[in-house]
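Protein chains in written order, with the working numbering: chain L, 1 to 319; chain X, 320 to 727. Note that beta-carbon positions come from the ideal geometry of N, C-alpha and C, so glycine has one too. Predicted model only: the values in this text are computed from it and were never measured. A quick write-up on the structure given underneath.
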Amino acid sequence: MSQDTSTATGAGPRSGASHRHDSQTDDIEVRALSRQFGEIRAVDDVSFTVKGGELTGFVGGNGAGKTTTMRMIMGVLSISAGDVLWRGRPITALDRRGFGYMPEERGLYPDQAVLDQLVYLGRLRGIGTAAAKASVTDHLERLGLAERAKDKVQTLSLGNQQRVQIIAALMGRPQALVLDEPFSGLDPQAVDSMADLLREHTSRGVPVLFSSHQLDLVERLCERLVVLSRGTVVAAGTADELRTQTVVRHRLVLSGDAGWVRDAPGIHTVDVDGGAVLLEVLDQGADHRLLSEALRRGDVLEFAPQRPSLSEIYREVTK
Amino acid sequence: MTTTVNRPDQPGHASRSNDAGRPWLIVAGREIVVRLTNKSFIVSTLVTLVFIAGFGGFSAWQSGRSSTTTVAVTGAAATQLVEQGSAAATKADDKVSIKPQAVADDAAAKAALTSGSADAWLHQQNDGWVLTAKDAPDSAVEAAIGAAVRTQALSTNAAAAGTTTAAIEKGTVLTTDRLDGQQDDSLFIKLASLAFSLLFFMAAILFGQQIAASVVEEKQSRLVEIIATAIPLRALLAGKVLGNSVIAFGQVVLYGAVGLVAVAFTDYSRLLPSLSAAVIWFVVFFAVGFFALACLYAVAGALASRTEDLQSTTAPMTMVLGVVYVVGFTVTGTALKVVSFIPIVSVVAMPGRILSGDAAWWEPVLALLVMAGFAAVTVLVGEKIYRRSLMQTRGKMSWREGLKSADA
């Protein structure tokens, strides 16, 4: 029903990319991934795709399994069951070497200078020294850290350490990005710079998966969402797709008392307050019958679908 | 958009450097640079070097100091005795010389002593000779003049008895000899063995702890997760062990070289050939032994989850090293022969045996091979535990758990 703009059909940032064969797309595909910690199943049969050129937000409460899933994608945690695919085939260590990864817990060598250790991390990823230096210098400038290049990491504020960590993941044209809470601890200005940077990567076709607690941010930035709850995917798709998946509520405001709506067929009444009702339409056509009945009884001041916010959807799917 | 956008990794791959296949070299390079630019490392190395060089310098200064003793005399007899003593003293040690200084009388001699223009005063009293100094006379001078006095008195007495000095002295001299034709250098060998023990103990503990600390630093900060996605953990371990081994090895070579140069300036310089051989063997043993230990220390770091855990996870190595240190300079005889083949202990024990000359040529070779085998085992087992425990983020692991656990 509603506008289906940025799904896999190739609209949005990936326009022009649809000629690619499916097995060639720069997608990270997670298939039936599970992870057992003793008795606890932290991640249970999780499947989703992070499409090349798209920002995918990974949402879920604490302990939902986001970090465990990301660690399995990056190969730092072994997989109990399931597969991680890259371009349609099982991912290899060499593939991951070209990925930019930001782990949940931040940490760098406290005693080493910012530039030196970023170049070191870049070289480990196989980026040449000169290329790494150029990329790091460029990123430091963009994140306002150019003057701190020679300072030891431990002399930086936490927010600035976070930026250095971001550069560690983003430098040297990674072929995919997996970022665990990249926005936490950033001031609004840094959030914007970070969002711009991520957009640059998606615009060259790179898939980006990032987890976040900040739902407004996810809604603003992401083409796609994967909602995780207690180790399973409870919702996945574009924000609009998620909206259509949840039952849409309508608000009806009448001139007279609206108590009779409680008994209307095919309608679930959520709340009645004088002439205002919040309701869910259960049967197709029930909304038309309801509106006719309302007009018969008097004036209808307002009848409109309530566009749910992402956090409402989130609460809905994770409850 | 063009098709190039669809292959975002291509420009990246084009710029991937040649050392992509040797990530352990990058890791080793970082370890070396970090260590070499560490102020406390530089300072402690310099202090140790100064200490070693100072030992040599002090010994050299001590033995190289030439002394001239002036002995005040009042008569021809005393002058002759001093001259005889001087000849004997200079023959024994060319840095000692004694010269007579004729003075007018006893009062003048005392005045010369008091003023310091003479160091001693040889004069006759009753029927003997007295050597008077301001305080205790120099022992070398006393011995030389004493010998001259005795020789002269003997020859006078012998002449009076109608015989010769040689006849009287016949059969009175005891000379010492050793079947092995060597001189008694046991004290020096003990000291050198102690130096080997101390050097190995200090270097192993110091560098071992540093390796463990750098491993846990990466683990605690989860930096290891970033590294693990970029390179195999095996390469990280190899680079770390290699980098630190190179530094430790370089340091011990430096110490050994300076130590040998220092010894060259001392009275023990005649021991240089055998000492050099022992030092070279020590350095070789050290390299292999340290490599094995470095690997174990890296595992100890991986077993810990915080820096605070290191003390308990490195305890086995600290204990072993403590035993090696003590054994290195206390065990003797057959026991020493046995322990000189036991890995790690052999680092200290075998060079000591080489120095004392009781090791056949094949013994250090065999001991080295045994230790190389041991090092290979620690590398293999260590790599396994390291890989398993490094990603284990929940609390400290014991060595037993590390061996048993499945991959994270």
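Query                                                                                                                          : Result
Where X:E702 falls: helix, strand or coil (DSSP)                                                                               : helix
Nearest candidate by alpha-carbon position, reference L:E302, set L:A294, L:S309, L:P308                                       : L:A294
Integer Cβ distance of X:A623 from X:K715, believed to fall under 8 Å                                                          : 6 Å
X:V572 to X:V602 span [Cα, whole Å]                                                                                            : 7 Å
Rounded C-alpha distance that separates X:A619 from X:S675                                                                     : 36 Å
From L:Q284, L:A286, L:V261, L:G285, residue whose alpha carbon lies closest to that of L:A276                                 : L:V261
Beta-carbon gap between X:E488 and X:L473 smaller than 9 Å                                                                     : yes
Per-residue contacts from X:I545 into chain L (C-beta, under 7 Å)                                                              : Y101, P103, L121, A168
Nearest-angstrom Cα separation, counted from L:K51 out to L:D22                                                                : Only weak support is given to the placement of L:D22: the predicted model assigns it a pLDDT of 46, under 50, and the value that follows is read from those uncertain coordinates. Rounded to whole angstroms, L:D22 to L:K51 spans 11 Å at the Cα level.
Interface flag, L:A93 vs chain X, CB-CB below 9 Å                                                                              : yes
Straight-line Cα distance separating L:L115 from L:D151                                                                        : 8 Å
Contact set between the segment 60 to 84 of chain L and chain X, restricted to residues whose Cβ is under 8 Å from the partner : R71, M74, G75, V76, L77, S78
Spatially closest choice to L:E241 from L:P174, L:S309, L:S212, by CA coordinates                                              : L:S309
Beta-carbon gap between L:I79 and L:S47 smaller than 9 Å                                                                       : no
Inter-residue spacing [alpha-carbon to alpha-carbon] between L:H139 and L:I167                                                 : 6 Å
Residues of the segment 650 to 663 of chain X whose Cβ lies closer than 7 Å to any Cβ of chain L, in chain order               : none
Under the three-state DSSP convention, the category L:A176 falls into                                                          : strand
Beta-carbon proximity of X:T548 to X:L612, cut-off 9 Å                                                                         : no
Buried versus exposed call for X:M638 [16 or more other C-beta atoms within 10 Å across all chains shown]                      : exposed
Contact list for L:L125 against chain X, beta-carbon separation under 7 Å                                                      : The identity of residue 125 of chain L in the sequence shown is Arg, whereas the question assumes Leu. The answer, in chain order, is A549.
Chain-order list of residues whose beta-carbon lies under 7 Å from that of L:T202 (same chain, five-residue window excluded)   : P13, G53, E54, L55, V208
Residue nearest to X:V645 in terms of C-alpha spacing, selected from X:A691, X:E682, X:F515                                    : X:F515
Spatial neighbours of L:D283 in its chain, beta-carbon cut-off 7 Å, leaving aside the 5 residues before and after              : G266
The ligand NAD heavy atom lying under 8 Å from the CB of L:K133                                                                : As far as ligands go, the structure on display features none, and thus does not contain the ligand NAD.
is_contact[X:Q539, chain L] using C-beta, thresh 9 Å                                                                           : yes
Chain L contact residues for X:L542, given Cβ-Cβ distances below 8 Å                                                           : G107, L108, Y109
Pairwise C-alpha distance: X:S564 and X:V657                                                                                   : 27 Å
9 Å Cβ cutoff, X:V565 in contact with chain L                                                                                  : no
Closer than 9 Å to chain X by CB, L:S23                                                                                        : Reliability of the predicted coordinates at L:S23 is poor, the pLDDT of 44 falling under 50, and the value obtained from them is presented with this limitation in mind. So, not an interface residue.
Residues of its chain near L:K133, where Cβ-Cβ distance is below 7 Å and the 5 sequence neighbours each way are ignored        : V119
Member of L:G38, L:T25, L:A32, L:V59 whose CA lies at the smallest distance from the CA of L:V317                              : L:V59
Span separating the alpha-carbon of X:F693 from that of L:G75                                                                  : 32 Å
Proximal residues of chain X, C-beta to C-beta of L:Q112 below 8 Å                                                             : V353
L:E105 (DSSP reduced to helix, strand or coil)                                                                                 : coil
Beta-carbon proximity check, L:S72 vs L:V84, cutoff 9 Å                                                                        : In the sequence on display, residue 72 of chain L carries Met and not Ser. It is a contact, given that the beta carbons lie within the stated cut-off.
Best match in X:S659, X:S665, X:A576, X:I546 for proximity to X:R706 [C-alpha to C-alpha]                                      : X:I546
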